Structures are given as C-alpha cells and as structure tokens.
Amino acid sequence: MDYILGYREVIPDQTLPEKWKEIILNTDPPVAHAGSSCLTVHQDKAVFALAYNSGVILVLRLDIVTGTVNFSELKQESTVPRFLSGIATAFRSRTLENEIATSLVLHTHNNNVYLFSISRGGYLRMWSCNEAQYVTGIDLAINNRDSIRNIQNCLLKNSIILHHEIYLCTYIKYITGCEFAILKVVKDAGFLKFIRHCTIDALDQHLVDYSFSETRIWALWRTTEVDAIAVTHVGVPLQSADRNSEWEPVVLIQSSDRDYVISDGSSIDPRQAYIDYIFHPGKFSLKDIIRALSIYRKLNHLGDMHLSPTALKEKVCLAVEAEIQNEVMDYELMDEDYLEIVNRCWSKFYSCVLQYHINKSRPVGLVLLPDVLGVVLLKKSSFSLLRPMEVIEHMMLCNENTHFTRFNISPALSQDENICQDLITLTSALTYLEQRMIDDVKSNFEKQLYYLKSPDIIVDNLSELLLDTDEFTDLDFKSGLLHILENIKDIASAMAMLLEFMTYNLSQPNPSKLRTSDGIDKTTLANSEFLFGSDLGTSTIAESVTQIAVLRFSMCRNLLILQNIILSRSEILDSYSLHTIKSSLAPRTVVLTQAYYVIMWISETSTSVVPSQSLVNASAQRLLLLKLFGATPHTQHQNRSFTILELFVKYGAKHQIYDLIDHSNSYSSNLKLWHNGLLSYINTISQLIWPISGNFEFPEWLLKSCQFLLVQEYVRLLSTWCEWNSASRKFILAVSLLEVGETEKACDYFLRASNGVLVDSFLSSLITSSNTASDSSALVLYYLKVIEIFEQHNAFDCIIELAMTAIAVAETNEPNLPTLHSIVFTQHLHLQHHIEAYNCLNTNPDNQRRVDCLRLLVLALFNRKKLIELASFPYVDMYTDLEKIMESRARSADLLENNYYDFLYSFHINKGNIRKAASIMYEQAIRLGQESYSLLTISKITHCLLSCINALHLVNEKYRWIVRPVMHANSSEEEKNLTKNRSELEEEILQFNLKKQIEVLELKDIKKEYILAEAKLKLIKFNPDHCLATQTCPSEIAAALCSAGLYLKALQICECYKLCKIIVIESLTSQCIKYCKKDATKVWKWLHRDNINDFGVSTLNAVDMSWNVLKHFTLTQENYGESILHKEVSRKLYHRGLFLPQWLLSSYAKRNPAELLRLMILMGRLEEAAYFSIEYIKGHLGKGTEYFGLKTPLIATGPSVCLPCNILEILLIELEHASKEDEAYKEIHKLLQDTLIKYFKTVKRVSEDMIRIKTRNY
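Laid out in structure tokens, this is it:
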C-alpha cells in the first residue's frame, strides 16, 4: 500500500488537569536524557523510567488513587549476589560511557512491567520493574565489534505483542551503514532471553524518528538535501517469511513556501488579495498569524491567542495600514509608487507568517494509530496524517517504481496486461510534461477556465506559448517525449482507460437510486454517520479530495496538451488512433478537465459570509416551501474558516454516505480501519460533488445552507459545458437570485428551468406530484410552486409573467386554470392595475372564483379610495353579484369607518335605480340608529334620511315608497295563532297566522323619522354630553327639547307625532317666568337657539321678546275650539302669583270663558273672577259680546246662550265667605249678585218673548 501526506492540523494548547501531581527529584545530574512511561495492567499505577548520564535508571511508581510515589534504581550489577555488594560498589565508578542507556521502553505483560533499554554501545537489556532486577540482555553490535566506535547512534522504540510474544525493534547506525533489528523475547529453561528475529538494512540517512507495528516499520529521515524530510516504510516479516524488505517512499506534498505575488495588471486590492490568501482555510493556523503579527509589530509579548478570524483580520489590516502610513508620511506619491509601498508592506507581513509557519512545520516524529492502522507525522506545532494512495495517484506520483504487478488487485487493470502497461507509460508521459511546465502556464490555464473558456481552445492558444519556452523547445525534451510515446503500443486504449478511471459514477451506484434501496445494514448506517465525523476527520477527507482533484486536474490538462501535440504531428501515430483521439478522447478530456476544475473550486473556495440570523431564518423558512429542509446554514467556526467542501463533508454528506460507500454487512466491522474506509469515503464524497452525473446532492445542500452567492458561482462555472442537471441548476440559481433580490433574473431562470421538470429527477421529485395526468399538468404544478416562492418576496410582476406562462401551456380542462387566473388578478390588484385586474376577472372560467375576485376588487378599491374607478366598470353579467357583495360588506363593516352605503347610493343613482338608492340610504339610517348616539352618528342619520327623501321625490308619486323588514320586540319567540277551518271535503285544517315580515313606508313616514332625527341632532349639538338611548320615543325627545329650550322643534315633534303640546307650552311659560328677572344676555342666547326670526316676532327687549314667543306659540299652536294650551299657561301664571297678560286673557275669554272663570276660582283669584263674571254676564246681555266669543247677545230672535250658573253660585258663596274676613268683598259680592239678578230678569223676559214669537208663528 502506497501512502501520501494528508492534512495538517494545528494542535491546540492543552493545560494539565489540576489533579496531576508534580514530582521533584533530587538527582545528580538533575536532568534525565531518556525516559518512558506506561500504565499497569489494572491501570491503578503509573510507571515512569528515567535514564541519567551516570548510568542509573530511576523507576517511579505513582499510585493513581492515593498519589503516593515509590522509587527504585535499576543497575547492571543488580544481578550480583548480595554478599558481593561491596565489590559491586567499587566497580560502579568505572562504568563506561558506552553502557549508558540511550532509549527506554516500558512494557506490561502478564501482570509484570518490563523495562527495555539500549545503550550507546548497542547493548539491549531487560529489567523487571516489579522486582527491580535485571532479567536478560543481548549485544546487538556483536557482528560489528571490530571497533566500538563504529556505532554512531542507537534507538529503541515501542514494543508489540503478537501471539503472546514480545517483539522489539532497534535501530543502530554504524559508520558503514544502518540497520533495524527485530528481536523476540522467548522463554528458555524458565529464563527469558532475546532472539534476533530478522535484520533489515536501512537508508544511509539521518534518522529523526521511527515507529514499529505488526506489519511495517515507518521511518522519518532527514536527507542529504538542504533540510529535506523523507518518510519511508518497509514490510516486517513477523507473520510470513517472504515479506518484501524493500523500502518504499511516502509522497510528501509540502505546502507552498514561496512568496505570494500579485500578478501585474491585476485589478484586485492588495489588502484583499493577501487577506484572502493568508486566511484561506488550511493555509495557516490562526496562532501562527498571531505570532507573526507580534513579530511584525515588534512587540515583546503575544496578543490574545483566542481571537476569531474576523477580529484577527481587523488587527492585521490595522497593523499593515499603520506600516504603510509610516512609509508614506506626508509625501505626495503617484499611484504606482503608492501601490508599490502597499505591496511591499503586505509582502513583508506575509513573509513573517510564512517563516513562522515553516519553522513550526518541521517534522519531529512519527506516531502510529494501531487501532485504525493510521500514521501521524508529528511537527513542532502541528501534525499531518498519511493516507493510502489510489491507483491513479500511484501511477502519477510513483511512476518510476510502478509496475503492472502492483495493480493485480484492481479488476479493471488486471484484465489486460498490455493496456495496463501502456497506461503506466502514458502517465509517465504526463509526468514528463508536468515537470517541464512552468507555473505561469498553469495559473494562466486555470484563469482562462475561470472565465469559462473551453480547455481545448485554451490549449490551442497556449501552444505557441509552450513552444516558445526553453523547457519545450529543448531537443532532449522532444526526443524524450517521443521515446515515451513510442513505447506505448495502443495509445488510444490507454487514454480511454485513463479517462474511464478518472470519471466518477461509471459502473458506480446512483445516489438517488440507492437511497430507496432495501436491506441496508442498520449498523453500517449508524457507523457511517460517525465515520470521519470529527473536525479532524472532516478536514482529512476534504484535503484528500482536494489533493486527488488537483492531481487529476493536472493530468487532464497535461493529457490535453499531449493530445494537442499528437494531433499537430500526425506522423507520430496511425490514422485510426488520431481519429479516435480527435473525435472521442479529446472531447471527453475537455469535459473531465472542466469537471475537475469545478471540484478544485469547491475544495478551495471559502464559504461566503452568512447574513444575520434573522435573514437566514427567513430564507430557511422560504426554502421549506420547496421541501428543502434538513440543512441549516453554518457560520464560520470560532478558530478558523472552512471551505465549501469541508462544510459539505461535515453537514451535507452524512446521510448519503451509506448509499455509496459499501452496503455489504461485512463492511460494518471494518469501518474503523484506515485502509478500508478512507479511500472509499473519499471516493464517495467525490461522487457526491461530481458534476457529470445525475447526482444533485451537493448543489441541493449548497442551496439549503443559504450560500446563495456560491450557488450562483457554481452554476456559472458549469453553465457553458455541463448538460447534466441543467434545468435543476437553473432552478437553484433562480432561487438564489431571488433570495438576493434579483427577482427579474430569477423569473427568467425559473422559466428556463421549466424545460426539465419531467427530465431532471431533482425537479421531478421536488416540484411535481406523482399522479400528474399530463406534461402540461406537471408544468402547471411547477409554475404554481414557483409562484408560491415569489409570493414570499412580493414580486408581483414576476408572478404575473409566470402565471400567464402557465395559462398559455395549460389545457382547457386544467383544474388549476381558475387558480392561475385568480393569481394574475391578485397580482394586478397588488400593483394597482385595476383595469387589468377587472379584465382578468372577466376571463376566469370559474363563476365562484369570479365572485371572489370581484369581492377582492371592491375591497381594494374601497381601501384605496378609488370609488370612481369602481363605479365606472361595466360589470355586464356581474351587476347582481356586485350589489350583493356591496350590501354584504356594508352590513358587516363598521358604519362610521366606511362608505359602502354611500357608494351604493351613488352607484344606483348613476344606474337610474332611484328607489333602490333611496332604500340603501334608509337602510343605512336604520343601522346607524342601532348604534350609540353621538354627533357624528346623528348627523349621518339625518343625512341618510334626507338623501332618501330627495331620491323618492325624484320618483313617480305612485312609487314613492320603500320596503323595510319588521323589527319585532321579541323576535326569538315564534308567534303561532292557530285557527281551525274546514275544507270542501269537510276536513279540519289548521291555519297559522304568521307575523308580518315587512312593511311599506311612504314618503310621509320617512319625513317623520327625519324630523325626529333632526331634533336629536339639535339636542346633541346643544349639549354634546347629552346621552340618548337608541330607542328614545318622540315624547321623550320632545321633553328633552323643552329642557334644552328648543321649543319650536319640540312643537314640530308634537305636531308630527300627534302629541300633546301642553308640556312644551308649560315649559315655555316657566322659562318666560324664570327669565323675567334674569340678565338679558342669557335670554337672547335662549331665543336665538329657537330661531325667533322664523316666526316674525321681534322687539328690543329680551324679556318682552320671550313673552311674545309664548304668545305666538300659544295663539298659533292652539287648535280652533280648544283652550288647553291657554289653560296651562294661565294655570302656570296663576300658580306663580302673576296676572294674566291681556293677550292671554282676551284670547282665553274668547275660546272658553267658563273654563277661565273656573280656573280663576280654583286658583283663589275671587276678585278677578267676580269682575270677569260681571263682564261675562254683561257680554251675554249685549255689552262686549265679541270679547267672549259669543255670536249674539241674549235676544229672543238669537240662538240660545249658556251661562255657568253653578260656577257663579260657587263664586258668590266664596265671596260671601270671604266678606266675613274682608269688608272689600261685600261690595264685589253685592255688585255680582245685582248683575246676576239683572241677567235672570233679562232671561225671563227674553224667554217669554221667545214663547210669544213661536206661538205667533204657529
């Protein structure tokens, strides 16, 4: 198995746990030069061994539980009997330098701890630490003991146990060479001893470190070149004797240690270029950058070692900018000079980072991972992993050591030995080209690919440049290349096999198909999710994929150049091979070159800056509409940034690994093995990101992770050549454009992607349903899903375009066609395209949808105050629907905040439906009457009633009526009046007398309601705080008007509703009496509220004016032949002790003198009643007859007259009684009595005359 250097990872600083114990040793010398440690079998004690230059080996046993420490010394003489201890002490001082231990290894076996040490003289010893005794030893350099100075170095590394036997591997460097010796500890006659198992010759280089396993010895060398490092490995014949003992090299891919130079003429900012390069994922560790920054700023201390990448970038920019300003100072510089200073300062900082990185990346040792068969190359501040190479890598990187026999295990290569050998020779030609190609040509080639130029065109353009370089014009190069090509027997087949090997997804399962496969081992699935799941594992896989992609890209590029050279010189090959290369192989190579360039871009591009968390959450929610869930955007890590490939390996590929890696049950037990799992895993990831296949996992994950800018760049790189998943790529490009605000472009790409709805599996599974009837139905469903996405972004214009396109492709019987028309209507409505919205409404084939759209149109136009537009539409056959919608909205909406009734009134007036308009306004008034009364409510009621009256006046007199529903007092109780009747067949029939549901209102009824509403409005205006109940009756309104001093309006209410006017006149009389002694200003305010100018009474005196108002109302409002108002006014005045004004007395005497007389007597006005009675009697006798409403006096020829004699008798009695107390009443009593006697005499005489006259006539 061949190995290549893998990924480097910086080892973070670790602090020791607090429970670790510090042990202070008092030894001389105090510092040990070798040591080892281990845990006992039961892991309850830690054993440490230290070797000193004095030859003493100190063993320490630390009890992990109690923390106690025991010491013991191991010496060569420890096997001498106890009685010779004195002699041993004497010999101790003569210990030779070659006997000092140089390497120690502790090993636990069978509950015992053994210590193995090797001395500088090559002597291997074994001690028992439990007994602190020497066990056995062996002289490893016994065959080279000519001179003890032949040994230059001795090393002892780890021990292993195989079949319950202990194996050790030692290294000895002689002057003449080096060797590894493998020894086995065996038991012979009850004693342990060493047996040399085998000896392996080593490279004559300086050994830095080595490690030993059951199968191999791994060695790290420092070569004779300047500070160069080499890693080799050799097989160990522990289990088989025919193990190949030939050392094989490990290909070490070193990081670039040259200066980063920005090309001339580049438009990129130097700061951005250097920042991107320095902070590129995996290029340098943050700690190296921090240390380099301290050196660059010439600081004596290190800064914060835990800075985030963003904060460190800011510090670096500030430091370099300060250096630039120090060099620029206040001088005026040309742009070229300033750019030169900027480049120099940034280059200086980059050199600091690079030097520190190179210093910290020097290898210092090797560590084996036996559980996973892995190898780690340790460095000063980091480490690298060694991984096995695949077939193509081995052919390219180890071409000189490659032979057909190495690929016997490969099924494709083992079938035809000749083609396999031709393939090896072909890769040697590609390697030959790679060695001669300069870096400028390589970078230019990649740059042209980035700008989407075809690789074959780039190679054609570079041919002239390549022929001008010294490397390609050299005759040795041409002859060498020609010699290699001559050794290839069938170059066309070799190229075809190479292209097949470098093409993923050939003869490999499809991820989309495997996902639904059955019989997958659950253990395999569980283990695959954890396989390489750590940050280190992710970085290892990503870096390995990158290395393979870069190598294969260079092979494709070199193969294109080789094909171009072959085709330009047709004499090299036969016509068949030339035709095959030109027609088939060269186009395939072009496609593979572009595919591997895309993989390189994926593996080298850093993730874009993720927006704020709120925007990310919003985008993720919108992506749920496309069923794109399961992935979340990942921000940059705290310690370093990540490439796209690393994030995909860590978060996007876990659920697909078990689909491609190996579905056999046997694989679950070998997942942990480095050789078995790594290359399969790398191959799986490569398939998932391979663009030339039906697999769409990677771009789908890229979209799920909200990396929208990277999605656009990915699609751009594939747009000119890749035919796979073309529609799906356009779809995700459209989604990403939509998320960044490019709605027009997104709409265009969504339309382009529609061609692949039934072709691309991604779109088929994502958009359409499984039961689509036809292709057009699938397209309609696709457009509906896309429209749903655009609705989240309020892109109304684009939605209209998409919906119109869907309508164009839909069939006439498409069930979603009304939905599409509704969508177009809705978007036009959003854009305030009202005419277009109305036209679209008319074209909707679904009647119910038309009504719904019309309802939305009405609501939108009302909210936007576009009532003229709403009334101007013809509506044709939707007139009734509009009327129902408007009435429904009017009856459900708040009356005070909408004008639906007003619009209906104007709409019906405009259409000539006058009675309907009147009915609408009356309905609005009725509804307003149910609300709580306020100034606004009453004002609208009066306005509505007045509009209703005006409308009815425009109608023919026969049709001046409207209909309203009857509002019953208790509508919940159904009134059932049953009557029994008999039919013609003498059958008893029950008849129900139902309540009247409607009633007809004439114009006069509406006017009455208007007068009442106007009265309420006056009340509210007079006192805004006045509270009226919704069902206040007219009598209550009249009383409220009187209390407010609005007597004229109160009299109108009484007149309209046939109410008694006494309350009004009574209140007015009290008001006049009240204001007799008040300020004239208040009187005038009251009078002006009652509009005194309307009834033609005026005077300069406010009090007199009020009495004139009373006189006017009393005289004008009293009906002929009635005196009830006069009586009430008189009674009120008498009650207050006032005299009746002359106008009242005269009017009352004419209307009902007897009642006036009775009222005077009742109120105790005896004197006035006596004088009035005298005048009244005289009026009957012919003196002042007209003042009492008498037509004729008491004469024989006139009609009969009536005098209230009973009242007069009561008056006489009262006067007689009063005369006893007051002598003044005697005269009045006598005068009245005399007048009454005179009246009776006259009556007697007239009666006799009347008898004679009638007798004479007969």
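Be aware that the sequence shown starts at 1, since it is given in the UniProt record's numbering, and climbs by one per residue. Even for Gly, the Cβ is constructed at its ideal location relative to N, Cα and C. Quick caveat: nothing in here was measured; it's all calculated off a predicted structure.
Measure the alpha-carbon distance for residue i versus residue j and round it to whole angstroms.
i, j, result
"residue 623", "residue 653", "19 Å"
"residue 960", "residue 922", "13 Å"
"residue 489", "residue 418", "8 Å"
"residue 207", "residue 224", "11 Å"
"residue 160", "residue 281", "38 Å"
"residue 881", "residue 847", "10 Å"
"residue 1205", "residue 1008", "46 Å"
"residue 332", "residue 445", "39 Å"
"residue 818", "residue 849", "7 Å"
"residue 1126", "residue 1217", "29 Å"
"residue 389", "residue 502", "14 Å"
"residue 249", "residue 751", "56 Å"
"residue 787", "residue 753", "14 Å"
"residue 1032", "residue 1039", "11 Å"
"residue 127", "residue 34", "16 Å"
"residue 493", "residue 745", "46 Å"
Would you identify the three-state DSSP class for residue i, choosing helix, strand or coil?
i, result
"residue 1143", "helix"
"residue 865", "coil"
"residue 374", "strand"
"residue 1255", "helix"
"residue 910", "helix"
"residue 1280", "Outside the shown range of the chain (1 to 1258) lies residue 1280, about which nothing can therefore be said."
"residue 349", "helix"
"residue 86", "Annotation note: pLDDT 49 at residue 86 (below 50); position unreliable, no value reported."
"residue 1332", "Past the edges of the chain, shown from 1 to 1258, lies residue 1332, and the structure says nothing about it."
"residue 102", "strand"
"residue 1022", "helix"
Assuming residue i and residue j form a contact by the criterion Cβ under 8 Å, report the distance between their Cβ atoms to the nearest whole angstrom.
i, j, result
"residue 1161", "residue 1211", "6 Å"
"residue 1262", "residue 1166", "Here the chain has residues from 1 to 1258 only, and residue 1262 is not among them."
"residue 1014", "residue 942", "5 Å"
"residue 895", "residue 931", "7 Å"
"residue 858", "residue 885", "5 Å"
"residue 749", "residue 733", "5 Å"
If I follow the unbroken alpha helix (DSSP H) through residue i, where does it start and stop?
i, result
"residue 1156", "1153-1162"
"residue 846", "Premise fails: residue 846 is in no alpha helix (DSSP H) and is neither H nor E."
"residue 701", "697-704"
"residue 319", "309-328"
"residue 447", "439-450"
"residue 291", "286-296"
Under the rule that 16 or more other beta-carbon atoms within 10 Å means buried, what is residue i, buried or exposed?
i, result
"residue 1137", "exposed"
"residue 191", "exposed"
"residue 586", "buried"
"residue 133", "exposed"
"residue 217", "buried"
"residue 352", "buried"
"residue 1248", "exposed"
Can you tell me where the beta strand (DSSP E) holding residue i begins and where it ends?
i, result
"residue 155", "151-162"
"residue 1165", "Segment: none, residue 1165 is in no beta strand (DSSP E) and carries neither H nor E."
"residue 363", "363-369"
"residue 59", "57-63"
"residue 116", "112-119"
"residue 70", "69-74"
"residue 178", "178-188"
Taking only heavy atoms of the ligand HEM into account, decide whether any of them is closer than 8 Å to the Cβ of residue i.
i, result
"residue 910", "The model on display carries no ligand, and the ligand HEM is accordingly not part of it."
Spell out whether any CB of chain B is found under 9 Å from the CB atom of residue i.
i, result
"residue 1153", "Although the question refers to chain B, the structure presented lacks it and comprises just one protein chain."
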